[in-house]
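Asks:
2 protein chains.
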Amino acid sequence: MTAAATETALFLRACQGETTPRPPVWMMRQAGRYLPEYRAVRAKADFLTMCRTPDLATEVTLQPVDLLGVDAAIIFSDILVIPEAMGLPLTVDEGVGPRFGKVVRTEAELAALQDPLADGKLEYVLTAIRQTRAELDGRVPLLGFAGAPWTLAAYMIEGQGTKNFSVAKRLLAEEPARAQRLLDLLGEAVGRYLVAQVEAGAQAVQLFDSWAGALAPEDYLRFALPPLAHAARVAQASGVPVIVFAPGAGWALPEIKAATGADVIGVDWHTRARDARQAVGGQQALQGNLDPTWLYGPPAQVRARTHEMIRAFQGGPHIANLGHGILPDTPVAGARAFIDAVKEWTA
Amino acid sequence: MTAAATETALFLRACQGETTPRPPVWMMRQAGRYLPEYRAVRAKADFLTMCRTPDLATEVTLQPVDLLGVDAAIIFSDILVIPEAMGLPLTVDEGVGPRFGKVVRTEAELAALQDPLADGKLEYVLTAIRQTRAELDGRVPLLGFAGAPWTLAAYMIEGQGTKNFSVAKRLLAEEPARAQRLLDLLGEAVGRYLVAQVEAGAQAVQLFDSWAGALAPEDYLRFALPPLAHAARVAQASGVPVIVFAPGAGWALPEIKAATGADVIGVDWHTRARDARQAVGGQQALQGNLDPTWLYGPPAQVRARTHEMIRAFQGGPHIANLGHGILPDTPVAGARAFIDAVKEWTA
Chain A
62 MTAAATETAL FLRACQGETT PRPPVWMMRQ AGRYLPEYRA VRAKADFLTM CRTPDLATEV
122 TLQPVDLLGV DAAIIFSDIL VIPEAMGLPL TVDEGVGPRF GKVVRTEAEL AALQDPLADG
182 KLEYVLTAIR QTRAELDGRV PLLGFAGAPW TLAAYMIEGQ GTKNFSVAKR LLAEEPARAQ
242 RLLDLLGEAV GRYLVAQVEA GAQAVQLFDS WAGALAPEDY LRFALPPLAH AARVAQASGV
302 PVIVFAPGAG WALPEIKAAT GADVIGVDWH TRARDARQAV GGQQALQGNL DPTWLYGPPA
362 QVRARTHEMI RAFQGGPHIA NLGHGILPDT PVAGARAFID AVKEWTA
Chain B
62 MTAAATETAL FLRACQGETT PRPPVWMMRQ AGRYLPEYRA VRAKADFLTM CRTPDLATEV
122 TLQPVDLLGV DAAIIFSDIL VIPEAMGLPL TVDEGVGPRF GKVVRTEAEL AALQDPLADG
182 KLEYVLTAIR QTRAELDGRV PLLGFAGAPW TLAAYMIEGQ GTKNFSVAKR LLAEEPARAQ
242 RLLDLLGEAV GRYLVAQVEA GAQAVQLFDS WAGALAPEDY LRFALPPLAH AARVAQASGV
302 PVIVFAPGAG WALPEIKAAT GADVIGVDWH TRARDARQAV GGQQALQGNL DPTWLYGPPA
362 QVRARTHEMI RAFQGGPHIA NLGHGILPDT PVAGARAFID AVKEWTA
């Protein structure tokens, strides 16, 4: 086994519940705007073109591996490619954020949704995965990902980002059965999409329930968790580790563990590592959770806080990560200090 | 004692730690845009003019008392009047939100801040309190309020609302001592401002740490909690109950209780009532926490959820409220169903 292959094993070993000598490390949104090399690609192509062009998606997926030495790559894509492939035209304007040309609120709009996996509509993602996997050549494992059903449903109902989720939550209150059908549909679609990613070469997959925090606990348990669990279990049956990350629902870690059976549970930066460990026990692999804004600080401080974070997660398997996506204005030196601090850690 | 005076007592009795036969009830932002009568006033004057005109502030403060029968009034004002009185020109544009003409980031900008209580700059708030108190004539108690130091500091550093608090949190990371001085200054100013409100007639006061959730736990405990506790204790020394509400920091309820000694601790809608009760014990008065979007639902559902919420808070003193400010597009019927459901409650 080469040194590189040992490193590859580190991430997957932690996913499988092993307490590794040091935690493997990667960063959510690590192929992103904080990297000048990413911005150079982005200057030539808009965000969605990058997603849809396997050469470009592969290029930026590899950047943090080559430049920062992370222990896992995650395919460059977007959670909203699923609703788009279901028939909602997507635009992403700088400064405005993603926006759909149609919404899903009525029975008719729900009935009009298409199977996102039919007609090769998402083939560009699978091609990018195959291509990235080949170019990685075993250096580090490749993750696939998808948005969780509730997060996708909220976008599809609202049609865009929102502060209060008034439209989506009004639908849950007024038409719970219809909302449930949309969520079930998405649970199935997301699960199958993750399986397709695994078949294309993804070695682990992460479900992002980015808007978990928009729902009160009772509603999260009733509406969001069952279809999330379904998607996770469908993906898991394909034989790779599944990571579930539900930022803003730190209270739900035991329920997420029980319902999804996730190999790894993500912890957001609002949740104390010790509380998370206590909530799920020492057998459960956890991933997280440095506050991304801490990377603004001087490197010595980043290093100290990273080591503090690792110590706080001790007592069970841990994958070091941020507790949210890295912010676009993060200094590269801060990101590098974080990665290096994890890699130099010895228990 | 008249029936009205008994009702008055209900809110203050709960504040003082008594488990009342039914919880008293009011709603954060109850004098707000969901009321047609509020919008009628707002059509004639912009938001800041309403704050600065005691007749108008009094009028809208009384609306939910007269129209919905809440058990407490809260003076119509804004948390940003303090930074404005410290020398930061404030504008509030519909759809854009509040914005300061200056920010506080450098030593010079910090040194230039003025005493917000000098020269009667906030006299308009105190006049509104005196006038509202007189017009209430003992029907229900009147609350004063202020923004907590961290929330105000974040606005002053950023200059406006923000998604990631990148500028404010970068300052905490890079210039912690300067940030600390700003927070200490605000802790003292906010405490004195609340005392002035009590002297004008406020019978209880609430501290809103609206952006508590923007800080990771370690940072909240280090930067935000000490000046919040200082302000709370200064206010409490004036002899009225103090309510502390730090949405997004549900994990911190025990620490907030210990540090601030608050008579009442607010609970946001992300936090389960039973978890909150367990975290602080049966002696501690709690306030909250219905998800405001639940008021979108049919009245029978609002009623059921309100009763469920009251049951979940049992085991100690409770003031029924929403877990966040009421949303502008809330149907009045939903707000009314909430208030009525609490008032009809019998244990």
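Chains A and B supply the protein sequences, listed in that same order. Under the numbering used here, the first residue of the first sequence carries the number 62, and numbering increases by one thereafter. Under the numbering used here, the first residue of the second sequence carries the number 62, and numbering increases by one thereafter. Cβ coordinates follow ideal geometry from the N, Cα and C atoms, glycine included. It should be emphasised that the depicted structure is a prediction, and the values quoted were computed from it without experimental measurement.
Let me check understanding here. Comparing Cα to Cα, which of G181(A), I326(A), P144(A), H291(A) lies closest to F306(A)?
Replies: The residue with the shortest Cα to Cα distance from F306(A) is I326(A).
Asks: What are the residues in the stretch 307-334 of chain B lying within 9 Å of chain A by C-beta distance?
Replies: Against chain A - using a Cβ distance shorter than 9 Å - the residues of the stretch 307-334 of chain B are G309, A310, G311, W312, W330, H331, T332, R333.
Asks: For A261(A), is the classification buried or exposed, using 16 other Cβ atoms within 10 angstroms of its Cβ as the cut-off for buried?
Replies: Looking at its Cβ environment, which holds 16 or more other Cβ atoms inside 10 Å, A261(A) is buried.
Asks: Can you tell me whether T119(A) is buried or exposed? The criterion is at least 16 other CB atoms within 10 Å of its CB, across all chains shown.
Replies: Answer is buried; the Cβ neighbour count reaches 16.
Asks: Measure from the C-beta of L289(A) to each C-beta in chain B and report whether the shortest distance is under 8 Å.
Replies: No, its Cβ sits nowhere closer than 8 Å to a Cβ of chain B.
Asks: Using a Cβ-Cβ distance cut-off of 8 Å, determine whether N382(A) contacts chain B.
Replies: No, no contact with chain B.
Asks: So which residues of chain B does Q221(A) contact, with C-beta pairs closer than 8 Å?
Replies: Near Q221(A) there are no residues of chain B at all, since even the closest Cβ is about 14 Å away, more than 8 Å.
Asks: In three-state terms, what does DSSP make of P278(B)?
Replies: Reduced to three states, the DSSP call for P278(B) is helix.
Asks: Could you work out which residues of chain B lie near E235(A), taking near to mean beta carbons separated by less than 8 Å?
Replies: Those are Y357, G358, P359, listed as they occur along chain B.
Asks: Classify D154(B): buried if its beta carbon has 16 or more other beta carbons within 10 angstroms, exposed otherwise.
Replies: With fewer than 16 Cβ atoms within 10 Å of its Cβ, D154(B) is classed as exposed.
Asks: With 8 Å as the threshold, decide whether the Cβ of G158(A) is near any Cβ in chain B.
Replies: Chain B, which has no Cβ nearer than 8 Å to the Cβ of G158(A), makes this no.
Asks: In its own chain, which residues sit with a C-beta less than 8 Å from the C-beta of P159(A), not counting the 5 before and 5 after it?
Replies: Same-chain partners within the cutoff: D139, L141, L151, T152, V153, Y216, Q221, G222.
Asks: Secondary structure at F137(B), three-state DSSP: helix, strand or coil?
Replies: Coil, per DSSP.
Asks: Could you tell me which chain A residues have their CB closer than 9 Å to the CB of R231(B), listed as they occur along the chain?
Replies: Correct list: T354, Y357, G358, D390.
Asks: Out of A396(A), D336(A), L276(A), which one is the CA nearest neighbour of Q375(A)?
Replies: Minimum Cα distance to Q375(A) is reached at D336(A).
Asks: By the DSSP assignment, the beta strand (DSSP E) with I326(B) in it spans what residues?
Replies: Segment 325-327, the beta strand (DSSP E) holding I326(B).
Asks: Mind reading off the beta-carbon distance from V301(B) to V266(B)? Whole number of angstroms is fine, and I expect it under 8 Å.
Replies: So it is a contact: roughly 6 Å between Cβ atoms.
Asks: Along chain B, in chain order, which residues have C-beta atoms closer than 7 Å to that of D336(A)?
Replies: Simply W312.
Asks: Do A402(B) and H368(B) have their C-beta atoms within less than 8 Å of each other?
Replies: Cβ distance < 8 Å, so A402(B) and H368(B) count as in contact.
Asks: Could you give the first and the last residue of the continuous beta strand (DSSP E) run that contains R397(A)?
Replies: First-last for R397(A): 393-404, but that is the alpha helix (DSSP H), not the beta strand (DSSP E).
Asks: Give the straight-line distance between the Cα atoms of I304(A) and L149(B), rounded to the nearest whole angstrom.
Replies: Between I304(A) and L149(B), the C-alpha separation is close to 46 Å.
Asks: Tell me R160(A)'s beta-bridge partners as DSSP assigns them.
Replies: Partner(s): T152(A), Q221(A).
Asks: Measure how close the beta-carbons of E98(A) and Y357(B) come, nearest whole angstrom, since I'm counting them as under 8 Å.
Replies: Rounded, the Cβ-Cβ distance is 46 Å, inconsistent with contact.
Asks: Quick one: what's A265(B) bridged to in DSSP?
Replies: L204(B), per the DSSP bridge assignment.
Asks: Applying the criterion that 16 or more other CB atoms from any shown protein chain within 10 Å of the CB defines a buried residue, is G322(B) buried or exposed?
Replies: Answer is exposed; the Cβ neighbour count stays below 16.
Asks: Taking C-beta to C-beta, are L247(B) and P210(B) nearer than 8 Å?
Replies: Cβ distance < 8 Å, so L247(B) and P210(B) count as in contact.
Asks: Of the residues P85(A), A340(A), V256(A), V165(A), which one's Cα is nearest the Cα of V228(A)?
Replies: The shortest C-alpha separation from V228(A) is found at V165(A).
Asks: Pull up the distance between the alpha-carbon of D176(A) and that of A398(B), whole angstroms please.
Replies: Looking at the two C-alpha atoms, the distance is approximately 41 Å.
Asks: Would you check if the distance between the CB atom of L243(B) and the CB atom of L171(B) is smaller than 8 Å?
Replies: Yes, Cβ-Cβ distance for L243(B) and L171(B) is below 8 Å.
Asks: Do you know whose CA, among G343(B), G162(B), R283(B), E79(B), lies nearest G373(B)'s CA?
Replies: In the sequence under discussion, the amino acid at residue 373(B) is Ala, which differs from the Gly named in the question. Nearest of G343(B), G162(B), R283(B), E79(B) to A373(B), Cα basis: G343(B).
Asks: Residues of chain A with CB closer than 8 Å to the CB of G274(B), please, in chain order.
Replies: Those are H331, listed as they occur along chain A.
Asks: Within 10 angstroms of the Cβ of K105(A), are there 16 or more other Cβ atoms? Answer buried if so, exposed if not.
Replies: Its Cβ having fewer than 16 others within 10 Å, K105(A) is exposed.
Asks: Please report the straight-line C-alpha distance between G386(A) and N382(B), rounded to a whole angstrom.
Replies: Each residue's Cα considered, the two are about 33 Å apart.
Asks: Under 8 Å between C-beta atoms, does S271(A) make it to chain B?
Replies: It does not; no Cβ of chain B falls within 8 Å.
Asks: Since V251(B) sits in a beta bridge, which residues does DSSP pair it with?
Replies: In DSSP, V251(B) forms no bridge with anything.
Asks: With which residues is G349(B) paired in a DSSP beta bridge?
Replies: According to DSSP, G349(B) bridges with A381(B).
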